[in-house]
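Written out below as structure tokens is the structure these notes cover.
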Amino acid sequence: MTSYALDMIQTAGIGALALLVGMVLTRKVAFLQKFCIPSPVSGGIIFSFITLALYGWFDVEVSFDGTLKDVFMLAFFTCVGFQSDLKVLKRGGRLLVIMLVLLVVLIAIQNLMPMGVTRLMGVDPLIGMAAGSISMTGGHGTAGGFASVLEGMGLHGAGTVSMAAATFGLIAGSMIGGPLAERMIRKRLTHEQMQPQDEEIDPAMAGIESDEASPAGRAKRVSTHEQEFQQYAKATYWIILVMGGGTLLSWLFAKTGITFPTYFGALILAAFVRNTIGFVRYKDDGEWVSAEKLLDMERIVSVGNICLSLFLGMAMISLRLWELQSLALPLIVILMAQVVLMSLFAYFVAFPLLGRDYDAAILCAGLCGFGLGATPNAMANMSAVCYKYRYTVKPFLIVPIIGAMFADVINTAMITLFLNLL
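Shown next as structure tokens:
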């Protein structure tokens with residue numbers, strides 16, 4: 075066996091190449107668009123198959139340096155923390171709170187069920203964790219983030235297992251969300267329930283959308299190139315500052331003896347900054363203003379998405395697919411069980427609790443999307459159903475709030491709890 079080790083710059087370069095290849099594929103291949111497969115995944119899987127062919131046919135093993143990959147991962151989860159604005163709970167109303175509760179229950183079941191399956195099959199319970207909420211609700215970002223933790227706990231090939239599970243979840247979440255909502259609408263709703271309500275959304279929630287849709291709201295995004303540069307620079311500085319402080323917080327967490335992912339400190343610190351900075355006041359042109367305006371969340375989110383794409387590209391090219399051979403049967407059983415679990419949970423638990431109406435059906439389509447894949451899958455599911463019937467506003471406000479601001483934070487906490495109970 076001949077081995078080649080690429081350094082961190084070479085690894086980053088190939089990861090970026092995989093991302094660019096994936097962007098082209100996503101534009102050209104209808105299947106990838108239909109199931110909202112991220113560009114780093116579609117491009118990266120090609121490179122991982124190339125390394126598999128080199129390993130299997132030519133006895134050549136290629137290894138990648140994950141240093142920069144970990145940096146991009148840390149930056150992404152820092153941006154997730156910045157998006158965790160607790161004030162949105164007041165805007166979302168009752169449905170948002172119910173969706174949060176459902177998310178907590180779903181994540182717990184997604185971890186408990188695989189643990190039972192692995193015990194029955196007599197395999198490592200860490201395989202169940204890799205195919206649990208880490209890769210289902212968490213998607214590729216969380217799967218990559220916890221890979222090193224699972225490796226450290228003894229699961230060989232954890233990154234490959236969790237990434238493979240996350241890719242399966244993306245496709246499955248897109249396939250079951252629409253059909254489930256369609257069945258709920260046809261079988262469980264009356265003609266009256268299908269009609270738009272007089273009060274479509276709460277006034278507070280309407281304010282969120284109107285700010286984005288009105289000319290005044292759009293005007294806030296108009297800027298010169300120099301202003302744009304300064305805004306992105308400021309967002310980047312905030313992210314790096316919190317990343318640095320977060321590493322110290324992670325060091326303190328490690329002293330407790332509890333296993334935390336490496337990004338947990340930065341995520342928590344970013345959430346703390348986002349929810350407390352508004353209490354600080356400073357003078358601007360002679361007036362006292364809230365320091366919250368110093369955080370340019372749109373740019374922070376954009377930088378976070380760039381870091382996520384680069385992180386995923388590097389993570390996907392690093393997959394060692396030959397390590398899946400011995401885990402194939404247990405992994406397939408767990409993943410199929412996750413799909414059945416998601417379907418039953420959405421149909422018999424989420425739909426009744428969300429109100430048994432049209433909004434509830436659309437929200438269930440979204441729940442399947444981000445419960446097995448990612449927020450874009452959820453939005454695609456809901457859009458497909460609404461295109462056939464009618465548009466409704468609430469789900470399209472609630473699901474992005476859940477997916478962008480709370481899912482990763484809640485999931486990380488729950489995964490950490492389960493890992494420390496093993």
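Numbering-wise (our numbering), the sequence shown opens with residue 75 and increments by one. Beta carbons: idealized from backbone N, C-alpha and C, even for Gly. Since the model is a prediction, treat every value here as computed from it, not as a measurement.
Query	Result
With C-beta atoms as the reference, is L224 less than 7 Å away from A232?	yes
Write down every uninterrupted run of the alpha helix (DSSP H) in the stretch 294 to 380 whose length is 4 residues or greater and which is fully enclosed by it, in chain order.	299 to 328, 338 to 350
Closest to G319 by CA distance: which of L263, A345, S392 is it?	A345
Taking the beta strand (DSSP E) that S137 falls in, what are its first and last residues?	134 to 138
Can you look up E283 in the DSSP assignment and give me helix, strand or coil?	Because E283 sits at a pLDDT of 34, beneath the cut-off of 50, its placement in the model cannot be relied upon, and the following sentence gives the value as read from the coordinates. Residue state, collapsed to three classes: helix.
Return yes when the Cβ of G89 is within less than 7 Å of the Cβ of M388, no when it is not.	yes
Anyone know if the C-beta pair for G251 and N455 falls short of 7 Å?	yes
Hey, quick one: how far does the alpha helix (DSSP H) through Q248 stretch, first residue to last?	Residue 248 is actually Ser in this sequence, not Gln. Residues 232 to 262.
Which two residues bound the contiguous beta strand (DSSP E) that contains T76?	76 to 80
Which one of I351, M227, I208, A79 has the shortest CA to CA distance from D139?	A79
Give the straight-line distance between the Cα atoms of G339 and M147, rounded to the nearest whole angstrom.	13 Å
Please check the pair D370 and Q305, which I expect to be a contact at CB under 8 Å, by giving their CB distance rounded to whole angstroms.	5 Å
First and last residue of the alpha helix (DSSP H) that includes V459?	449 to 462
Measuring alpha carbon to alpha carbon, tell me which residue in V197, L393, R373, L437 is nearest L128.	L393
Looking only at C-alpha atoms, which of W396, P253, F492, H299 sits nearest to D133?	W396
On the premise that P474 lies in contact with I436, defined as a C-beta separation below 8 Å, what is that separation, rounded to the nearest angstrom?	At roughly 13 Å, the Cβ-Cβ gap does not stay under 8 Å, so I436 and P474 are not in contact.
Report yes if the C-beta distance between A309 and R373 is below 7 Å; otherwise report no.	yes
Apart from the five residues on each side of it in sequence, which residues of its chain come closer than 6 Å, Cβ to Cβ, to L441?	A420, A424
Can you list, in chain order, the residues of its chain with a C-beta nearer than 8 Å to that of I391? Leave out the 5 residues immediately preceding and following it.	T85, I88, G89, A92, G118, F121, S122, T125, F138
If we count the other Cβ atoms within 10 Å of its Cβ and call it buried at 16 or more, is Q107 buried or exposed?	exposed
Considering only the beta carbon of each residue, do M82 and T141 sit closer than 7 Å?	yes
For F303, which of F242, T241, V377 has the nearest alpha-carbon?	V377
Assuming A217 and A239 make a contact with CB atoms under 8 Å, what is their CB distance in whole Å?	7 Å
For Y465, name the three-state secondary structure that DSSP assigns.	coil
From S158 to L403, what distance separates their C-alpha atoms?	38 Å
Using the C-alpha atoms, what's the distance from T264 back to L234?	Note that residue 234 is Thr in the sequence shown here, rather than Leu. Cα-Cα distance, rounded: 46 Å.
Under the rule that 16 or more other beta-carbon atoms within 10 Å means buried, what is L99, buried or exposed?	buried
Hey, would you say T333 sits closer than 7 Å to L496, going by beta carbons?	no
Can you give me the Cβ contacts of G445 inside the same chain, cut-off strictly under 7 Å, excluding the 5 residues immediately before and after it?	L180, M210, T211, G247, M416
Using the rule of at least 16 other Cβ atoms within 10 Å of the residue's Cβ for burial, across every protein chain shown, is Y356 buried or exposed?	exposed
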